[in-house]
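Engineer: My structure is below; once you've seen it, I'll send some questions.
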Amino acid sequence: MDFALSEEQVAIFDMARDFGAEHIAPFARDWEAEGTIPRDLWPKLAELGFGGLYVSEEAGGAGLTRLDAVLVFEALSMACPSVASFLSIHNMCAAMLDKFAGDDVKARILAPAVQLETVLSYCLTEPGSGSDAAALKTRAERTNEGYVLNGSKAFISGGGYSDAYVVMCRTGGPGPKGISTLVVEAGAEGLSFGGLEDKMGWRAQPTRQVQFDDCRVPAGNLVGEEGQGFRYAMNGLDGGRLNIAACSIGGAQAALDATLAYMGERKAFGQRLDAFQALQFRLADLEIELQAARIFLRQAAWKLDRGAADATKFCAMAKAFATETGSRVADQCLQLHGGYGYLADYGIEKIVRDLRVHQILEGTNEIMRLITARTLLAERG
């Protein structure tokens, strides 16, 4: 087994890191204060192929592997986990459309999404169904022209900002087999949004409830087949979990890099902080944890790329491990900065806030453990 990245993968990582350092990091605090990401960022990312990272080349995407994408999101998150995570959600939606949508949706929605002329949001969670996603109540009734959609979605990144919403809704009976996927375009009759959520982290991303009140959706905006929407949604989440895990590693790496620099300059009791053996041990522990999480994540991505039978379990395990490791590393970096770590000027407290939600979204880490345990028990025979 070769653990080394290829020359192309190293170039992909470096390109994403350099882009983030120039076009995202210097402005990340301002965007957080404004509560939005400037629209002019997206065309610049599209020029690099980041609007459809693992969308097939036939559909206009970059056709990269999941491992390649993990490298991109780790590198971008070194500049700002909030921006990188938002791009991850867009890419998850684009991949769903590429894999399951018909030619019409691909032409009207996916093609501009790959160019980031259209920004996509993923709408699964509802006020009354989070981890129990198959219990969703948003309903689409069939009409002669298409569907009439009623219900609401909660915690939607890009709510009121995005150009199209990939919505999981109920077209049949209870349970996962009654769920379908529709694309609702911005400006649709009956589409509205709640107030801007005041969040702990990810503050650059506008997050709102998405509401459907007799919302009219054309029949052609059905993705794939009726009754298959839950399967489509879960298929997308394996890759989404890898991306969010990568965002945790990238954010934590940025915190550790900043901490190493700080400890080389800050003095206490007559010597630099990095001269204290006790603190050296702390740094060593952070590096060990971060490297272990990175290798675990890349193994899970490798399995997903190859369609391994245990890929879903590995995606779940890597997501739980990497997101918890990332938060723990960032928190310890704040501690090693002392009081300065608590100040916004040093950037560490933002990373701590941004990474915390990664243990909740794309399936809570409790659900990741449930997936892992159920798979273990099934494998026992």
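Following the numbering used here, the numbering of the sequence shown begins with 2 at its first residue and continues without gaps. By construction, the Cβ of each residue, glycine as well, lies at the ideal position given by its N, Cα and C atoms.
With distance defined between alpha-carbon atoms, name the residue in Ser78, Gly36, Arg40, Gly50 nearest to Ala255.
Structural biologist: Selected option, being the one with the closest Cα: Ser78.
Engineer: Please return the same chain residues whose Cβ sits closer than 7 Å to the Cβ of Ala96, not counting the five positions on each side in sequence.
Structural biologist: So the list reads Tyr55, Val56, Gly237, Gly240, once near-sequence residues are dropped.
Engineer: So what does DSSP say about Glu35, is it helix, strand or coil?
Structural biologist: Helix.
Engineer: To which residues does DSSP link Arg140 through a beta bridge?
Structural biologist: Arg140 is bridged to Asn151, Arg171.
Engineer: Within 10 Å of its beta-carbon, does Asp215 have 16 or more other beta-carbons around it, so buried, or fewer, so exposed?
Structural biologist: Exposed, since its Cβ has fewer than 16 Cβ neighbours within 10 Å.
Engineer: Do the region 137-155 and the region 205-223 touch if we need at least three Cβ pairs shorter than 8 Å?
Structural biologist: At 8 Å Cβ cutoff, the stretches touch.
Engineer: Please tell me whether Tyr233 and Phe101 are closer than 8 Å, where the distance is taken between their beta carbons.
Structural biologist: In contact: Tyr233 and Phe101 (Cβ atoms closer than 8 Å).
Engineer: Using the Cβ count rule (16 or more neighbours within 10 Å means buried), how would you classify Lys268?
Structural biologist: Exposed, since its Cβ has fewer than 16 Cβ neighbours within 10 Å.
Engineer: Between which two residues does the beta strand (DSSP E) containing Cys216 stretch?
Structural biologist: Its beta strand (DSSP E) spans residues 208-219.
Engineer: Whose C-alpha, out of Ala165, Trp203, Glu9, Ala135, is nearest the C-alpha of Ile38?
Structural biologist: Minimum Cα distance to Ile38 is reached at Trp203.
Engineer: Check whether the region 99-116 and the region 132-147 touch, using three or more Cβ-Cβ pairs below 8 Å as the test.
Structural biologist: Touching, no.
Engineer: Check for me: the alpha helix (DSSP H) holding Glu363 runs from which residue to which?
Structural biologist: Segment: none, Glu363 is in no alpha helix (DSSP H) and carries neither H nor E.
Engineer: How would you label Ile289, buried or exposed, when you count the other beta carbons within 10 angstroms and need 16 or more for buried?
Structural biologist: With fewer than 16 Cβ atoms within 10 Å of its Cβ, Ile289 is classed as exposed.
Engineer: Excluding the 5 residues flanking Ala29 on each side, which residues of the same chain have their C-beta closer than 6 Å to its C-beta?
Structural biologist: So the qualifying residues of the chain are Cys81.
Engineer: Taking C-beta to C-beta, are Ala63 and Ala17 nearer than 8 Å?
Structural biologist: Their beta carbons are not under 8 Å apart, which means Ala63 does not touch Ala17 by this criterion.
Engineer: Would you call the region 347-361 in contact with the region 271-289, where contact means no fewer than 3 C-beta pairs closer than 8 Å?
Structural biologist: Verdict: no, contact absent.
Engineer: Tell me, which residues are paired with Ser89 by DSSP?
Structural biologist: The partner list for Ser89 (beta bridge, DSSP) is empty, contrary to what the question assumes.
Engineer: For Val353, which three-state DSSP category applies?
Structural biologist: If DSSP states are grouped into helix, strand and coil, Val353 belongs with the helices.
Engineer: Is DSSP giving Ala205 helix, strand or coil here?
Structural biologist: Coil at Ala205, not helix or strand.
Engineer: Compute the beta-carbon to beta-carbon distance between Leu243 and Ala319, rounded to the nearest angstrom, for a pair I have assumed lies under 8 Å.
Structural biologist: Right, their Cβ atoms sit about 7 Å apart.
Engineer: Leaving out the 5 sequence neighbours to the left and right, which residues in its chain are closer than 7 Å to Gly161 when beta-carbon positions are compared?
Structural biologist: Excluding positions up to five away in sequence, the list reads Phe194, Pro207, Arg209.
Engineer: Could you check the C-alpha separation between Gly159 and Cys94 for me, to the nearest Å?
Structural biologist: Gly159 and Cys94: Cα-Cα distance of roughly 12 Å.
Engineer: Do you know how far the Cα of Thr373 is from the Cα of Gly173?
Structural biologist: Cα to Cα, the separation comes out at about 29 Å.
Engineer: Going by other Cβ atoms of all chains shown within 10 Å of its Cβ, with 16 needed for buried, is Gly53 buried or exposed?
Structural biologist: Answer is buried; the Cβ neighbour count reaches 16.
Engineer: Taking only the alpha-carbon atoms, compute the straight-line gap between Ser122 and Ile25 and give it to the nearest angstrom.
Structural biologist: Taking the straight line joining both Cα atoms gives about 21 Å.
Engineer: Can you check whether the CB of Leu362 is closer than 8 Å to the CB of Ile245?
Structural biologist: Yes, they are a contact pair.
Engineer: Under three-state DSSP, which class holds Arg232?
Structural biologist: Reduced to three states, the DSSP call for Arg232 is helix.
Engineer: Should Leu335 and Leu287 be called a contact, given that it needs their Cβ atoms to be closer than 8 Å?
Structural biologist: No, Cβ-Cβ distance for Leu335 and Leu287 is not below 8 Å.
Engineer: Based on the DSSP secondary-structure assignment, which residues constitute the bridge partners of Arg273?
Structural biologist: Beta-bridge pairing links Arg273 to Lys268.
Engineer: Return the first residue and the last residue of the beta strand (DSSP E) that Phe322 is part of.
Structural biologist: Counting along the chain, Phe322 falls outside any beta strand (DSSP E), though it belongs to the alpha helix (DSSP H) covering 312-337.
Engineer: Between Gln281 and the rest of its own chain, which residues show a CB-CB distance below 8 Å, the 5 nearest in sequence each way excluded?
Structural biologist: Counting only Cβ-Cβ distances below 8 Å, and skipping sequence neighbours, we find Asp275.
Engineer: Please classify Ile296: does DSSP put it in a helix, a strand, or coil?
Structural biologist: Ile296: helix per DSSP, three-state reduction.
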